[in-house]
Amino acid sequence: MTNRSDFSAQEWNAITELPLLIGTAVIITPQAGPVQFVQETLAMMKFIDDSKEHAGALVAAVAQTIDASAQERADTANSAVGGATIHGEGESVSHTVAHAGAELRQQLLEKIAAVNTILAAKASADDAAAYKRWLVHIAQNVAQAAKEGTFLGLGGQRVTEAESMVIGEIAQALGVEHV
């Protein structure tokens, strides 16, 4: 059974930061408006919070750590977007968000690779696999939390093509099958 004491402070920080970065990468995909942003953020935090009681030891410990420092971690995830402003000079909102999203996805893939290395060295195979599946479930739950592309609440879709692509990239980087 893998737990917090198996990792250095820096390693644990990387492991506990990754779920929020994954959720943020899905949240900031194009077509998300302010309502969807809030719905998806709340869904991410609820899913992580619920994991404290319904998961294996490693996932529960990560969820507990995130819960204990939720505000600090949210600030970290927001700064990972690069401080992108929605009111950039001469840039459209969608261009600014898309650029921030591309930067975040690249940083995310690098962090996934680093965490994969940490888990391979220090976690049991079962705990590492459960953690990785949990990360993909976070991305899927965030994507399904709100309809996007609606007009006056009509139409739209639960998971956009852009969100599905991001989830696929995350799953591939983690070595987890994406359904």
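Counting the sequence shown from 1 gives a position; the working numbering is that position plus 42. We put the beta carbon where it would ideally sit given N, CA and C, even for glycine.
Buried or exposed by the 16-neighbour rule on C-beta atoms within 10 Å, applied to E95
Exposed, since its Cβ has fewer than 16 Cβ neighbours within 10 Å.
In angstroms with no decimal places, state the Cα-to-Cα distance between A97 and G75.
Between A97 and G75, the C-alpha separation is close to 31 Å.
In three-state DSSP terms, what is A172?
Per DSSP, reduced to three states, the secondary structure at A172 is helical.
Mapping the DSSP letters down to three states, classify G132 as helix, strand or coil.
Since pLDDT at G132 reaches only 42, below the 50 mark, its modelled position is unreliable, and no value is offered.
Neighbourhood of E203 by C-beta distance below 6 Å, restricted to the same chain and skipping five residues each side
Spatial neighbours of E203 in its own chain (CB-CB distance under 6 Å, excluding positions within 5 residues in sequence) are not present.
Please check the pair A67 and L146, which I expect to be a contact at CB under 8 Å, by giving their CB distance rounded to whole angstroms.
Contact between A67 and L146 holds, since their C-beta atoms are separated by about 5 Å, short of 8 Å.
Using DSSP with H/G/I as helix, E/B as strand and the rest coil, what is H96?
In the three-state reduction of the DSSP assignment, H96 falls in the coil class.
Would R46 and A110 qualify as a contact pair, given that the criterion is a beta-carbon distance under 8 Å?
No, these two residues do not count as a Cβ contact at 8 Å.
Alpha-carbon spacing of S136 relative to A170, whole angstroms
Residue placement at S136 is poorly supported in this model, since its pLDDT is 45, which falls under 50; the coordinates still yield a value, given next. Approximately 36 Å between the Cα atoms of the pair.
Out of K164, T159, I70 and I180, state which residue places its alpha-carbon closest to the alpha-carbon of D91.
Ranking K164, T159, I70 and I180 by Cα distance to D91 puts I180 first.
Going by beta carbon distance, what residues of the same chain come within less than 6 Å of T127, once the five residues before and after it are set aside?
Only weak support exists for where T127 lies, its pLDDT of 42 falling under 50; the value from the coordinates is given anyway. Around T127: no qualifying Cβ.
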